[in-house]
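Taken in sequence, the protein lines are chains A and B. The first sequence begins at 2 in the working numbering and counts up one residue at a time. The second sequence begins at 2 in the working numbering and counts up one residue at a time. See below for the structure under consideration.
2 protein chains.
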Amino acid sequence: MNSEKLKVAVLGGTGNIGEGLVLRLALQNLMDDGLKNEIIIGSREPESAEEAAKKDLEELENCGFDTTKIRISGKSNLEAAKAADLIILTIRFSHVPSLLEEIREALEDKVLITPVVPMVKAGPLFEYRPPAEGSAAQAIREMTPESTKVVAAFHNIAAGKLKDVVKCKAVHDSVICSDDEEAKKLVMELTRNMGCLKPLDGGALKNANTIESLTPLLVNLAKLNGLKNLGVNFS
Amino acid sequence: MNSEKLKVAVLGGTGNIGEGLVLRLALQNLMDDGLKNEIIIGSREPESAEEAAKKDLEELENCGFDTTKIRISGKSNLEAAKAADLIILTIRFSHVPSLLEEIREALEDKVLITPVVPMVKAGPLFEYRPPAEGSAAQAIREMTPESTKVVAAFHNIAAGKLKDVVKCKAVHDSVICSDDEEAKKLVMELTRNMGCLKPLDGGALKNANTIESLTPLLVNLAKLNGLKNLGVNFS
């Protein structure tokens, strides 16, 4: 991370959670303090990524934000990962192995954030289905070079609230787990300036299991209790 | 439940969570609405249970509450369970099999609440260690007569906040799981009048796994982030 700005690749940045993270990251550039960043959306189709980048910038402009200090671009997953200091994987667990294979050469020494939650629909509700490694985070640890700093974060965020950058002022907790203390601190700082999230240190990567399992719980609680867009707070 | 008052046995009611539940249940008798109850603390030693009952009544009196409408007594675990409509197991998971064996004859048709969390200390932190059945709740389901209505509830409550009936006005969520809809509704009503808890329907008993795993997470988050007496809220 030699540049002044942190270069963040959001792979799967054309999806719902990806879009929310891009908007919240972009707005950090308008704040007095906090990490400044440049965002590169990654997608299988570079055109989709470019289109999403344009749409996000327009969205921020329409909300009345000054976008002259904001940079969002779109590239292929590999090019986005190569250009980045920090990579966020906002994709389904089933797509993770092929994507990590595709971007493998770009993963050395990078910080890799996983909000990935392996879950399946079982009747009307969802069930957490972790892989044999114990969690998606631990499986991703196994699939990446040793020098990649894997950080588990952003699992329990409602996409609806994340994307609603103007109206939604709710602050939910985001528990962050990693075996790399420095990378964990960086992601906690990034999270603190996200506006809608309060970072909590969740300890080692192996603790990601419970955090991942909270996502189907939130979806199920919403469905069973007539609520929506649930997040979690520990207090 | 033919009597006017719900008879509640708190087995292990001499411990921290047990004491907090006894105090909060007792105070429901002073409220305009809500279920009225009579509490029987159970312990291996009837004398310890009687002593705990006396201490709890004194505690409420010292806090300025009118205890004339409150009944708390102490008995052996078996006698407490026999006398009760609803039994709460506030004991360690390792003690569950022998206790359930001891009170087996009193379990038919009863509502049995489990806030039990199987966890172990691993270094400075705690780890959730569910049994092969998937959760303590499911293991307890297997260990009890078919007619026993097992309800998982009260897992994620900080004993310190629960016991502090005068000062602590925090309201945390309590996710309640059961395969018996009627028993689940009864426990949700009981929870709603506890003053410090908001019940949420967590669906079937098999969903108790994630709820149980939240307890070591809360303890770990407190330790790692310099917080204490954490509870959880979904919003």
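A virtual CB, placed ideally from N, CA and C, is assigned to each residue, including glycine. Just so it is clear, the structure is predicted and the values come from calculations on it, not from any experiment.
Residue i to residue j span [Cα, whole Å]
i: ALA92 (chain A); j: GLU190 (chain A); result: The sequence as given places Ile at residue 92 (chain A); Ala does not occur at that position. So the alpha carbons of these two residues sit roughly 23 Å apart.
i: ASN194 (chain A); j: VAL118 (chain B); result: 35 Å
i: ASN78 (chain A); j: GLU109 (chain B); result: 60 Å
i: ASN208 (chain A); j: CYS178 (chain B); result: 24 Å
i: GLY1 (chain B); j: ASP57 (chain B); result: There is simply no residue 1 (chain B) to check, as chain B begins at 2 and stops at 236 in what is shown.
i: MET2 (chain A); j: VAL152 (chain A); result: Caution applies to MET2 (chain A), whose pLDDT of 45 falls short of 50 and renders its modelled position unreliable; the value that the coordinates give is listed next. Cα to Cα, the separation comes out at about 16 Å.
i: ILE40 (chain A); j: GLU147 (chain B); result: 57 Å
i: GLY43 (chain B); j: THR69 (chain B); result: 22 Å
i: LEU187 (chain B); j: ASP180 (chain B); result: 13 Å
i: SER4 (chain B); j: GLY13 (chain A); result: Note that SER4 (chain B) has pLDDT 48, beneath the 50 cutoff, so the model's placement of it is unreliable and no number is given.
i: LEU100 (chain A); j: ALA10 (chain A); result: 13 Å
i: LEU31 (chain B); j: GLU20 (chain B); result: 18 Å
i: HIS156 (chain B); j: ASP86 (chain A); result: 40 Å
i: GLN29 (chain A); j: SER74 (chain B); result: 59 Å
i: ASP67 (chain B); j: ALA140 (chain A); result: 57 Å
i: LYS170 (chain B); j: LYS122 (chain B); result: 30 Å
i: ALA223 (chain B); j: TYR129 (chain B); result: 16 Å
i: MET55 (chain B); j: LEU26 (chain B); result: A small fix is needed here, since residue 55 (chain B) is Lys in this sequence, not Met. Whole-angstrom Cα-Cα distance: 15 Å.
i: GLU183 (chain B); j: THR15 (chain A); result: 44 Å
i: VAL176 (chain B); j: ALA205 (chain B); result: 11 Å
i: ASN63 (chain A); j: VAL167 (chain A); result: 11 Å
i: GLU60 (chain B); j: GLU51 (chain B); result: 14 Å
i: PRO116 (chain A); j: ALA82 (chain B); result: 45 Å
i: GLU48 (chain B); j: ASN221 (chain B); result: 35 Å
i: ILE1 (chain A); j: LEU201 (chain A); result: Residue numbering for chain A in the displayed model covers 2 to 236; residue 1 (chain A) lies beyond these limits and cannot be assessed.
i: ALA154 (chain A); j: GLY196 (chain B); result: 33 Å
i: ILE212 (chain B); j: GLU80 (chain B); result: 30 Å
i: ILE158 (chain A); j: ASP174 (chain B); result: 18 Å
i: GLY203 (chain A); j: ILE104 (chain B); result: 39 Å
i: LEU7 (chain B); j: THR149 (chain B); result: 17 Å
i: LEU22 (chain A); j: ASN210 (chain A); result: 22 Å
i: LYS76 (chain A); j: ALA107 (chain A); result: 14 Å
i: VAL289 (chain B); j: VAL97 (chain A); result: Residue 289 (chain B) is absent from the model: chain B starts at 2 and stops at 236.
i: ALA53 (chain A); j: ARG45 (chain A); result: 12 Å
i: THR192 (chain B); j: ALA84 (chain A); result: 53 Å
i: PHE1 (chain B); j: ARG142 (chain B); result: Within the shown structure, residues of chain B are numbered from 2 to 236, placing residue 1 (chain B) beyond reach of any answer.
i: GLU102 (chain B); j: GLU102 (chain A); result: 54 Å
Option nearest residue i by Cα separation, candidates the options
i: MET144 (chain B); options: B:PRO47, B:ALA154 and B:PRO132; result: B:PRO132
i: LYS111 (chain A); options: A:ALA27, A:LYS185 and A:ASN226; result: A:LYS185
i: LEU225 (chain B); options: B:VAL172, B:ASP165 and B:LEU126; result: B:LEU126
i: THR137 (chain B); options: B:LEU113, B:ALA160 and B:ASP34; result: Contrary to the premise, residue 137 (chain B) reads as Ala rather than Thr in this sequence. The shortest Cα separation from ALA137 (chain B) among B:LEU113, B:ALA160 and B:ASP34 belongs to B:LEU113.
i: ASN17 (chain B); options: B:LEU187, B:ILE141, B:LYS199 and B:ASP165; result: B:ASP165
i: GLY161 (chain B); options: B:ILE104, B:LEU228, B:THR192 and B:LYS6; result: B:LEU228
i: LEU163 (chain B); options: B:LEU198, B:THR149 and B:GLY124; result: B:LEU198
i: LEU24 (chain B); options: B:ARG72, B:GLU213, B:LYS150 and B:ASN210; result: B:ARG72
i: GLY135 (chain A); options: A:VAL172, A:SER214, A:ALA107 and A:THR192; result: A:SER214
i: MET120 (chain B); options: B:LEU22, B:LYS6 and B:THR216; result: B:THR216
i: LEU219 (chain B); options: A:GLU46, A:SER236 and A:LEU22; result: A:SER236
Residue i CB to nearest heavy atom of the ligand GDP below 8 Å
i: ASP57 (chain B); result: Ligands are entirely absent from the displayed structure, and the ligand GDP is therefore not among its contents.
- Whole runs of the beta strand (DSSP E) within the stretch 38-64 of chain A, excluding any shorter than 3 residues: Correct list: 38-44.
- Go through the stretch 177-214 of chain A residue by residue and report every complete run of the alpha helix (DSSP H) that reaches 4 residues or more, in order. Counting only runs of 4 or more, we get 182-193.
- Could you run through the stretch 211-224 of chain B and flag, in chain order, every residue whose CB is less than 9 Å away from some CB of chain A? So the close ones are THR211, ILE212, SER214, LEU215, PRO217, LEU218, LEU219, ASN221, LEU222, ALA223 and LYS224.
- Task: Pull out every residue of the stretch 175-194 of chain A whose Cβ sits closer than 8 Å to any Cβ of chain B, in chain order.
- Result: Sequence-ordered contacts of the stretch 175-194 of chain A with chain B read VAL176 [C-beta pairs closer than 8 Å].
- Query: Counting Cβ pairs closer than 8 Å, one from the stretch 214-234 of chain A and one from the stretch 31-38 of chain B, do we hit at least three?
  - Reply: At 8 Å Cβ cutoff, the stretches do not touch.
- Item | Interface positions of the stretch 123-134 of chain A facing chain B (Cβ-Cβ less than 8 Å), listed along the chain | Per Cβ criterion, the list reads LEU126 and TYR129.
- 4 or more residues per run - each alpha helix (DSSP H) lying fully within the stretch 108-161 of chain A: Within the stretch 108-161 of chain A, the runs of alpha helix (DSSP H) that reach at least 4 residues and sit entirely inside it are, in chain order, 137-144.
- Just by C-beta distance, which residues in the stretch 147-170 of chain B are closer than 8 Å to chain A? Of all residues in the stretch 147-170 of chain B, none is placed with a Cβ closer than 8 Å to any Cβ belonging to chain A.
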